[in-house]
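Chains as they are written, first to last, in the UniProt record's numbering: chain A, 1 to 374; chain B, 1 to 374.
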């Protein structure tokens with residue numbers, strides 16, 4: 001608990017708490033890895049959506065970043081960032097907003113995987129990375145598809161081919177460092193192979209960009225890669241803990257909630273954090289340990305063994321012992337503050353418009369705003 | 001498509017569209033039912049979170065409403081509403097904000113189900129309804145629990161007993177009018193029985209409040225009930241269609257999205273609406289027909305048979321034919337606008353800060369702001 005003037009005990013609940021010391025430790029961990037691997041880190045800000053956090057990711061400067069919406073690009077450019085990758089396949093209708101940011105001095109780069117997109121982007125004079133599919137997860141071309149070089153030529157002709165990028169979203173579905181290292185190698189080899197195909201065709205391909213939080217922490221070797229992307233690593237969450245990328249005590253985000261009732265016959269404690277505060281994300285349901293809508297800690301952040309948010313309505317959560325756990329349910333009186341570790345930090349944070357920051361050093365709490373929308 | 005000056009074709013996607021004609025039809029349907037049943041309708045604004053919509057629910061006046069957060073109570077009071085039920089069990093820490101609103105002339109009433117809450121509320125001089133459990137869904141006392149009269153006495157002693165309320169959340173899990181009518185009768189009989197228990201003990205119990213969207217539409221008789229609550233009825237959604245409370249063409253909310261890519265070998269169309277735009281809600285997964293993250297319509301709102309959002313990442317959706325559907329996948333080029341019917345209107349709307357309103361009459365689109373937070 002912070003020793004400053006403003007305690008989170010005074011906050012209206014539910015509220016999103018950020019443990020700054022844990023976040024700093026997570027940031028330093030991946031920064032160190034990127035240094036050892038010899039690549040530039042380009043953090044994905046879709047999770048944080050905060051200018052204050054963005055600066056902390058790159059040594060208090062406005063470094064290279066990745067975003068998932070043009071609203072993020074605009075907000076981070078306004079906060080001083082000038083090197084931004086918009087890592088969602090570009091729709092032609094969005095190029096006007098991209099051009100406006102570029103004219104304002106922001107080196108905003110888009111991604112694409114089709115000749116139709118490449119023609120629209122070339123006409124708009126916007127630089128792009130070609131998206132490569134390294135794991136069958138989502139978008140992108142296989143490195144040996146003929147469209148790769150066709151797209152490369154369209155962009156190269158107007159000096160807008162910046163390189164290639166890939167993201168192994170499937171790495172979230174496997175557990176343990178060795179499995180993640182395999183996906184990291186898939187990312188590396190697919191991206192490097194695609195870059196080689198382009199270069200063999202006489203095209204310029206300076207950027208080879210890879211990454212996801214699991215692969216970024218597990219990669220053994222990134223030869224040929226120029227930059228590494230990851231997003232949720234700054235906060236971590238129960239999904240990342242479930243696949244052993246972090247421990248539970250690395251998770252920097254919690255939702256502060258208050259006990260609003262009991263159903264003793266059912267073993268339920270009612271809280272004021274439902275899916276509106278936690279999100280509807282149930283990603284741990286498919287993992288070894290289903291954490292419901294989140295794992296319960298006391299107000300000081302100490303885990304309360306086997307207590308989970310087993311059910312959620314819009315503004316109600318039901319806390320109970322996880323199935324099979326030995327009771328009894330601890331006595332948690334009306335008005336008690338609890339903290340909930342979230343399944344998926346990106347989704348939970350998106351339900352809130354600010355972080356209440358528990359400072360690393362003793363001192364008052366801070367409030368950092370989050371961006372939203374598109 | 002609206003014929004006005006501003007077409008939704010000019011909107012940045014993803015964007016939340018509201019079909020005003022459908023909403024009006026849905027509003028009139030339940031208003032008519034409440035009239036026939038002889039009860040006051042107290043709409044739940046947790047779904048809409050919009051002052052413009054609130055006025056339309058009660059004949060362009062600021063009528064009685066229900067809210068799920070104090071932030072909603074504050075926003076709606078600022079918009080002129082003075083008769084508000086805060087229908088989430090009260091935490092003692094929240095009573096200061098309740099008192100401030102009451103001092104400003106807002107008749108804000110809270111709910112509770114324990115003597116501890118009743119003592120805090122009585123001390124704060126705030127009126128309350130006692131929550132009754134009619135279906136084992138969430139909070140509330142059984143009508144014959146001795147605590148009911150104990151709580152009643154605490155509140156009655158300071159003239160703060162307003163009555164009883166119940167909500168059959170379990171009615172969402174059964175299908176068809178007859179099944180919903182049974183839950184409506186459970187709500188009615190539990191609430192009326194509780195009111196009678198209080199009255200038999202010599203306590204004053206003017207309000208008997210019941211409701212949920214399925215039961216409100218199915219109730220045959222509400223003798224002894226004074227008011228009816230419902231929330232999602234103004235928009236409806238795939239969950240409500242799945243339990244036959246509405247048809248697909250009653251659903252007033254859609255998310256406008258743009259095609260950003262294809263994976264032809266997999267039968268995937270990539271769109272720019274992921275779970276950030278749709279929410280992570282997968283409530284149709286437990287119904288007869290799993291609608292994925294939503295059902296696809298063309299830009300004019302016509303259903304595209306068997307096309308669903310089968311998978312979603314933060315800002316990516318994958319559209320494909322539903323499992324078992326006969327192909328082929330229609331040709332949907334890059335840049336095409338589609339509209340998505342949501343699983344759960346409350347959750348999807350909460351991901352957006354405004355409604356883009358397709359007007360009932362021809363004319364330009366309107367934009368209505370939504371409230372958020374706590």
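For every residue, glycine included, the Cβ atom is placed at its ideal position computed from N, Cα and C.
Self-check item: Helix, strand or coil at residue 215/B [DSSP, three-state]
Solution: As a working note, residue 215/B is residue 215 in the second chain. Three-state result, residue 215/B: helix.
Quiz item: Does residue 190/A get closer than 9 Å to chain B when you measure Cβ to Cβ?
Solution: Taking the first chain and counting its residues from 1, one reaches residue 190/A at position 190. For residue 190/A, the answer is no, since every Cβ of chain B falls outside 9 Å of its Cβ.
Quiz item: Taking the alpha carbon of residue 262/A as the point to measure from, which residue in 221/A, 332/A, 275/A, 321/A has its own alpha carbon closest?
Solution: Here the question's residue 262/A lines up with position 262 in the first chain. The candidate whose alpha carbon is nearest that of residue 262/A is 332/A.
Quiz item: Just curious, the alpha helix (DSSP H) that residue 413/A is in, first and last residue?
Solution: No answer is possible for residue 413/A: it lies beyond the span of chain A, which begins at 1 and ends at 374.
Quiz prompt | Pair within 9 Å by beta-carbon distance, residue 214/B and residue 183/B | solution = In the second chain, the residue the question calls residue 214/B occupies position 214. In the second chain, the residue the question calls residue 183/B occupies position 183. Yes, the pair counts as a contact, with Cβ atoms nearer than the cut-off.
Self-check item: Stretch-stretch touch, CB-based, cutoff 8 Å, three pairs: the stretch 165-184 of chain A with the stretch 116-126 of chain A
Solution: The stretch 165-184 of chain A is not in contact with the stretch 116-126 of chain A.
Exercise. Return no unless some Cβ of chain B is closer than 9 Å to the Cβ of residue 350/A.
Key: The residue labelled residue 350/A in the question sits at position 350 within the first chain. Interface residue, yes.
Quiz prompt | Three-way DSSP call (helix, strand, coil) for residue 126/B in this model | solution = The residue labelled residue 126/B in the question sits at position 126 within the second chain. Three-state result, residue 126/B: coil.
Practice problem: Decide yes or no for the touch test of the stretch 69-79 of chain B against the stretch 246-263 of chain B: beta carbon pairs closer than 8 Å, at least 3 of them. | Solution: The stretch 69-79 of chain B, when compared against the stretch 246-263 of chain B, does not touch it at the 8 Å Cβ threshold.
Quiz item: Under a CB-based cut-off of 9 Å, is residue 2/A close to chain B?
Solution: Residue mapping note: residue 2/A aligns to position 2 of the first chain, counting from 1. Only weak support exists for where residue 2/A lies, its pLDDT of 39 falling under 50; the coordinates are left without a value.
Quiz item: Which residue's Cα is closest to the Cα of residue 354/A: 9/A, 17/A, 7/A, 8/A?
Solution: Along the first chain, read from residue 1 onward, the residue named residue 354/A stands at position 354. If we check each option's Cα against that of residue 354/A, 17/A comes out closest.
Self-check item: Near the ligand MG: residue 12/A beta-carbon under 8 Å from a heavy atom
Solution: You won't find the ligand MG in this model; it holds no ligand whatsoever.
Practice problem: Take residue 270/B and list the residues in its own chain whose beta-carbon comes closer than 8 Å to its own, dropping the five residues that flank it on each side. | Solution: In the second chain, counting from the first residue as 1, residue 270/B sits at position 270. The beta carbon of residue 270/B sits closer than 8 Å to those of 259, 260, 261, 262, 263, 316, 317, 318, 319, all from its chain and outside the five residues before and after it, given in chain order.
Self-check item: Rounded Cβ spacing between residue 358/A and residue 8/A (contact assumed at less than 8 Å)
Solution: Position 358 of the first chain, counting from 1, holds the residue named residue 358/A. Position 8 of the first chain, counting from 1, holds the residue named residue 8/A. Taking the Cβ atoms as the reference, residue 358/A lies roughly 7 Å from residue 8/A, within the contact range of under 8 Å.
Practice problem: Can you say whether residue 104/B is buried or exposed, counting buried as having 16 or more other CB atoms within 10 angstroms of its CB? | Solution: As a first step, residue 104/B is located in the second chain; it is residue number 104 there, counting from the start. Exposed, by the Cβ-count rule.
Practice problem: Could you give the DSSP three-state label for residue 293/B: helix, strand or coil? | Solution: Here residue 293/B refers to the residue found at position 293 of the second chain. In the structure shown, the three-state DSSP call for residue 293/B is coil.
Practice problem: Would you mind reading off the limits of the beta strand (DSSP E) that contains residue 54/B? | Solution: On the second chain, residue 54/B is found 54 positions in, with the first residue counted as 1. Per DSSP, residue 54/B lies in no beta strand (DSSP E); the unbroken alpha helix (DSSP H) holding it starts and ends at 51-57.
Exercise. Under the assumption that residue 163/A contacts residue 192/A (Cβ atoms under 8 Å), give the Cβ distance between them as a whole number of angstroms.
Key: On the first chain, residue 163/A is found 163 positions in, with the first residue counted as 1. On the first chain, residue 192/A is found 192 positions in, with the first residue counted as 1. Between residue 192/A and residue 163/A the Cβ distance is about 11 Å, and since that is not below 8 Å, they are no contact.
Quiz item: Which chain A residues are close to residue 297/B, counting only those with a beta carbon under 9 Å from its beta carbon?
Solution: Numbered from its first residue, the second chain carries residue 297/B at position 297. Around residue 297/B, no beta-carbon contact reaches into chain A at under 9 Å, the shortest distance being about 18 Å.
Quiz item: Would the stretch 245-254 of chain A and the stretch 12-28 of chain A be scored as touching if the rule is three or more Cβ pairs under 8 Å?
Solution: They touch, by the three-pair rule.
Practice problem: Examine the Cβ distances between the stretch 334-351 of chain B and the stretch 293-302 of chain B and report whether three or more of them are shorter than 8 Å. | Solution: The stretch 334-351 of chain B vs the stretch 293-302 of chain B: in contact.
Practice problem: Count the other C-beta atoms from every protein chain shown that fall within 10 angstroms of the C-beta of residue 288/A, then say buried if there are 16 or more, exposed otherwise. | Solution: If you number the first chain from 1, residue 288/A lands on position 288. Exposed, by the Cβ-count rule.
Quiz item: Per DSSP, which one or two residues make a beta bridge with residue 132/A?
Solution: Here residue 132/A corresponds to residue number 132 of the first chain, with the count starting at 1. The partner list for residue 132/A (beta bridge, DSSP) reads 141/A, 166/A.
Quiz prompt | residue 332/A at chain B interface by Cβ criterion, 9 Å | solution = Counting from one through the first chain, the residue named residue 332/A turns up at place 332. By this cut-off, residue 332/A is not an interface position.
Self-check item: Span separating the alpha-carbon of residue 1/B from that of residue 348/B
Solution: Within the second chain, residue 1/B is the residue found at index 1, counting from 1. Within the second chain, residue 348/B is the residue found at index 348, counting from 1. Because the pLDDT of residue 1/B is 37, which lies under 50, any placement of that residue in the model is unreliable, and the question is left without a value.
Self-check item: Inter-stretch contact at 8 Å, needing at least 3 Cβ pairs: the stretch 360-371 of chain B / the stretch 300-308 of chain B
Solution: Touching, no, given that fewer than three Cβ pairs across the two stretches are closer than 8 Å.
Quiz item: Per DSSP, what kind of secondary structure is residue 260/B in: helix, strand or coil?
Solution: Walking along the second chain from the start, residue 260/B turns up at place 260. Of the three classes helix, strand and coil, the one that applies to residue 260/B here is strand, per DSSP.
Quiz item: Just by C-beta distance, which residues in the stretch 243-270 of chain B are closer than 9 Å to chain A?
Solution: Those would be 258, 259, 260, 261, 262, 263, 266, 268, 270, in chain order.
Quiz item: Who are the neighbours of residue 313/B on chain A, taking C-beta pairs under 8 Å?
Solution: Residue mapping note: residue 313/B aligns to position 313 of the second chain, counting from 1. Correct list: 138, 169.
Practice problem: Check each candidate in 327/A, 217/A, 368/A, 231/A and name the one with the smallest Cα separation from residue 52/A. | Solution: Locating residue 52/A in the first chain gives position 52, where the first residue counts as 1. Closest option to residue 52/A, Cα to Cα, is 368/A.
Quiz item: Given a threshold of 16 other Cβ atoms within 10 Å of its Cβ, counted over all protein chains shown, does residue 36/B qualify as buried or as exposed?
Solution: By 1-based counting over the second chain, the position of residue 36/B is 36. By the 10 Å Cβ count, residue 36/B comes out exposed.
Practice problem: Spatial neighbours of residue 88/A within its chain, please: CB distance less than 6 Å, with the 5 preceding and 5 following residues excluded, ordered by chain position. | Solution: Numbered from 1 along the first chain, position 88 holds the residue referred to as residue 88/A. Taking residue 88/A as the centre and dropping the five residues before and after it, the same chain places the C-beta of 68 closer than 6 Å to its C-beta, in chain order.
Quiz prompt | Option nearest residue 222/A by Cα separation, candidates 234/A, 257/A, 181/A | solution = Residue numbering aside, residue 222/A sits at position 222 when the first chain is read from its first letter. It is 181/A whose Cα lies nearest to the Cα of residue 222/A.
Quiz item: Would a C-beta distance cut-off of 9 Å place residue 230/A and residue 257/A closer than the cut-off?
Solution: One-based indexing of the first chain puts residue 230/A at position 230. One-based indexing of the first chain puts residue 257/A at position 257. It is not a contact, given that the beta carbons lie outside the stated cut-off.
Quiz item: Grouping DSSP H, G and I as helix and E and B as strand, with all else coil, what is residue 231/B?
Solution: In the second chain, counting from the first residue as 1, residue 231/B sits at position 231. Three-state result, residue 231/B: coil.
Quiz prompt | Proximal residues, the stretch 355-372 of chain B versus chain A, C-beta separation under 8 Å | solution = Taking 8 Å as the cut-off between beta carbons, the residues of the stretch 355-372 of chain B near chain A are 372, in sequence order.
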